[in-house]
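S.K.: Protein chains in written order, with our numbering: chain F, 67 to 266; chain H, 67 to 266. Starting off with a structure, shown below.
2 protein chains.
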Amino acid sequence: MPREIEFLYDFGGPNSWFVHRAIPAIEAQGKVRFRYVPVLLGGIFKATGNSPPMMSYGHVASKVAYDRLEMERFMDRHGVTGFQFNPHFPVNTLLAMRGAVAAEQLGCGPAYRETMYSALWQDGLKLDDPQVWAGAVAAAGLDASALGELVQDDAVKAALVASTESAVARGAFGVPTFFLGDAMWFGKDRLRDVVEAASA
Amino acid sequence: MPREIEFLYDFGGPNSWFVHRAIPAIEAQGKVRFRYVPVLLGGIFKATGNSPPMMSYGHVASKVAYDRLEMERFMDRHGVTGFQFNPHFPVNTLLAMRGAVAAEQLGCGPAYRETMYSALWQDGLKLDDPQVWAGAVAAAGLDASALGELVQDDAVKAALVASTESAVARGAFGVPTFFLGDAMWFGKDRLRDVVEAASA
């Protein structure tokens, strides 16, 4: 039986996209599988006082350039292609992440995640516009009407809040974050470490 | 012939100490060797606009706690022991780093580095006090008189400035930084990556 790694994600940051794209080949090796846990990155930042990298050190040109270099290295290592930085960044992901909770309830979680990740980090869509969001959902063959209704549901909204609060309580301060039981790893560059720990 | 990795270091940050302690076992495998390149971290910060982690996110308790966890993991992975956070942190390292340049000229670079790293991150000394610095140097059996004279030498001061400016020009924004030719890696958690690249 493959061991389960929790993958706390928000569509809004590029580093979650990188991990999402790297996961299939890792899972194909049969030792681990990933459980996607939707969280609201903005809520984590607010609760912990943390800031997005672009706010913390966007003025340090060489550090920003190095981040891009490590993105390239990650893509090379994992055979990931197609990344385009979203021209509307930062995109508010409240709707998209409520949609992730809703999609899981409707049984279309994987297809919805794929749609959102592609829309944000390959197709450059402005997903915080509800019409753009609904258009992307419909274009992927998902039930835009049912999802659009469910994202307004109080229980769905509360579930995302609860998931985010739980992440903070467990020590998360950003995404991507991984848990193997109680042990936490942060960042796409720790993906190898958590997979090794889970495969040991 | 082992390939040479440049290791840009300043005694002042704990992460350079971790790398310093991990290096002997890595070099013993025979594939790489490290060339220590002294730089002044404060100068790099000033030139790039970067800040020490404690200033950037010292208020984010969970991120600080995670840094400590990754220190523990690094020590476990590399069999490193004895680390004690310096009670006088941050310690100005201008004298200690000029001393590193001077020690190389005097042919006692490795012994001097060992002395400084132990003093700062195992023995908790306040090395920016010239008397404490001279005492540590003398206690290690090094020539405190010759070193104390040479750190005042204009050419030694200029060499440290030049090394720091060169690091910034090559893209460095902190320490530990590694170069393999022109390719750069930042941070103790990238040590494995640069060693793998050099061993390939």
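All C-beta atoms, glycine included, are put in the ideal place defined by N, C-alpha and C. Just so you know, these numbers come straight off a predicted model, no measurement behind them.
Skipping 5 residues on each side, what residues in its chain have a beta carbon closer than 6 Å to that of residue 154 (chain H)?
M.R.: Closer than 6 Å at the Cβ level, and outside the excluded window around residue 154 (chain H), lie 192.
S.K.: Given a threshold of 16 other Cβ atoms within 10 Å of its Cβ, counted over all protein chains shown, does residue 176 (chain H) qualify as buried or as exposed?
M.R.: That one is exposed.
S.K.: Count the other CB atoms, across all protein chains shown, that sit within 10 Å of the CB of residue 125 (chain F); report buried if there are 16 or more and exposed otherwise.
M.R.: Classification of residue 125 (chain F): exposed, given that the 10 Å Cβ count is below 16.
S.K.: Tell me which residues share the same chain as residue 237 (chain H) and place their Cβ nearer than 6 Å to its Cβ, disregarding the 5 neighbours each side in the sequence.
M.R.: Excluding positions up to five away in sequence, the list reads 250.
S.K.: Quick check on residue 159 (chain F): does DSSP put it in helix, strand or coil?
M.R.: Coil at residue 159 (chain F), not helix or strand.
S.K.: Starting from residue 187 (chain F), follow its DSSP beta bridges and name the residues at the other end.
M.R.: According to DSSP, residue 187 (chain F) bridges with nothing at all.
S.K.: Going by other Cβ atoms of all chains shown within 10 Å of its Cβ, with 16 needed for buried, is residue 205 (chain F) buried or exposed?
M.R.: Its Cβ having fewer than 16 others within 10 Å, residue 205 (chain F) is exposed.
S.K.: Scan the segment 244-255 of chain F for residues whose Cβ lies nearer than 8 Å to a Cβ of chain H and list them as they occur along the chain.
M.R.: Flagged, chain order: 250, 252 and 255.
S.K.: Output, in chain order, the set of chain H residues within a Cβ distance shorter than 7 Å of residue 237 (chain F).
M.R.: Here the neighbours are 128, 131 and 132.
S.K.: Can you grab the Cα-Cα spacing for the pair residue 105 (chain F) / residue 92 (chain F), in whole Å?
M.R.: Their backbone Cα atoms lie some 22 Å apart in a straight line.
S.K.: For residue 150 (chain F) versus residue 188 (chain F), is the C-beta spacing smaller than 8 Å?
M.R.: The answer is yes: Cβ separation under 8 Å.
S.K.: Can you say whether residue 76 (chain F) is buried or exposed, counting buried as having 16 or more other CB atoms within 10 angstroms of its CB?
M.R.: Buried, because 16 or more other Cβ atoms sit within 10 Å of the Cβ of residue 76 (chain F).
S.K.: Taking the alpha-carbon of residue 79 (chain F) as reference, which of F:118, F:244, F:139 and F:147 has the nearest alpha-carbon?
M.R.: Nearest C-alpha to residue 79 (chain F): F:118.
S.K.: Of all the CB atoms in chain F, is at least one closer than 8 Å to the CB of residue 230 (chain H)?
M.R.: No - not a single Cβ of chain F is within 8 Å of the one on residue 230 (chain H).
S.K.: Starting from residue 101 (chain F), follow the beta strand (DSSP E) in both directions and report where the run begins and ends.
M.R.: That run of the beta strand (DSSP E) goes 98-104.
S.K.: Does the beta-carbon of residue 112 (chain H) have 16 or more other beta-carbons within 10 angstroms, so that it is buried, or is it exposed?
M.R.: When all chains shown are included, residue 112 (chain H) counts as exposed.
S.K.: With 16 as the cutoff for other CB atoms within 10 Å, does residue 182 (chain F) come out buried or exposed?
M.R.: So residue 182 (chain F) counts as buried.
S.K.: Return the residues of the segment 177-210 of chain H that lie within a Cβ-Cβ distance of less than 9 Å from chain F, sorted by chain order.
M.R.: Under the 9 Å Cβ criterion, the segment 177-210 of chain H contributes no residue.
S.K.: For residue 114 (chain F), go through chain H and note every residue whose CB falls closer than 8 Å to its CB, in chain order.
M.R.: Here the neighbours are 126, 127, 128 and 129.
S.K.: Mapping DSSP to helix, strand and coil, what is residue 193 (chain H)?
M.R.: Residue 193 (chain H): coil per DSSP, three-state reduction.
S.K.: Is it buried or exposed, residue 128 (chain H), if we count other Cβ atoms within 10 angstroms and call 16 or more buried?
M.R.: Buried is the call here.
S.K.: Pairs of beta-carbons, one from the segment 156-164 of chain F and one from the segment 211-227 of chain F, closer than 8 Å: are there three or more?
M.R.: Touching, yes, given that three or more Cβ pairs across the two stretches are closer than 8 Å.
S.K.: Using 8 Å as the limit for Cβ to Cβ distance, is residue 82 (chain H) near chain F?
M.R.: Not an interface residue.
S.K.: From residue 264 (chain F) to residue 247 (chain F), what does the alpha carbon distance come to, in whole angstroms?
M.R.: Answer to the nearest angstrom: the Cα atoms are 10 Å apart.
S.K.: For the segment 128-148 of chain H against the segment 81-96 of chain H, are there 3 or more C-beta pairs whose distance is under 8 Å?
M.R.: With a cut-off of 8 Å, the segment 81-96 of chain H and the segment 128-148 of chain H count as touching, because enough Cβ pairs lie within range.
S.K.: What is the C-beta distance between residue 267 (chain H) and residue 123 (chain F), in whole angstroms, given that I count them as a contact (C-beta under 8 Å)?
M.R.: Because chain H here runs from 67 to 266, residue 267 (chain H) falls outside it and cannot be looked at.
S.K.: Which term fits residue 196 (chain H), buried or exposed, when burial requires 16 or more other beta carbons within 10 angstroms of its beta carbon?
M.R.: So residue 196 (chain H) ends up on the exposed side.
S.K.: Comparing C-alpha positions only, which one of H:108, H:172, H:167 and H:136 sits nearest to residue 157 (chain H)?
M.R.: Out of H:108, H:172, H:167 and H:136, H:108 has the C-alpha closest to the C-alpha of residue 157 (chain H).
S.K.: Residue 123 (chain H) CB to nearest chain F CB: under 8 Å?
M.R.: Output row for residue 123 (chain H): interface = yes.
S.K.: Residue 242 (chain F) and residue 254 (chain F) - do their beta-carbons sit closer together than 8 Å?
M.R.: Going by C-beta atoms, residue 254 (chain F) is nearer than 8 Å to residue 242 (chain F).
S.K.: From what residue to what residue does the beta strand (DSSP E) around residue 245 (chain F) run?
M.R.: First-last of the beta strand (DSSP E) with residue 245 (chain F): 243-246.
S.K.: Helix, strand or coil for residue 250 (chain F) per DSSP?
M.R.: Residue state, collapsed to three classes: strand.
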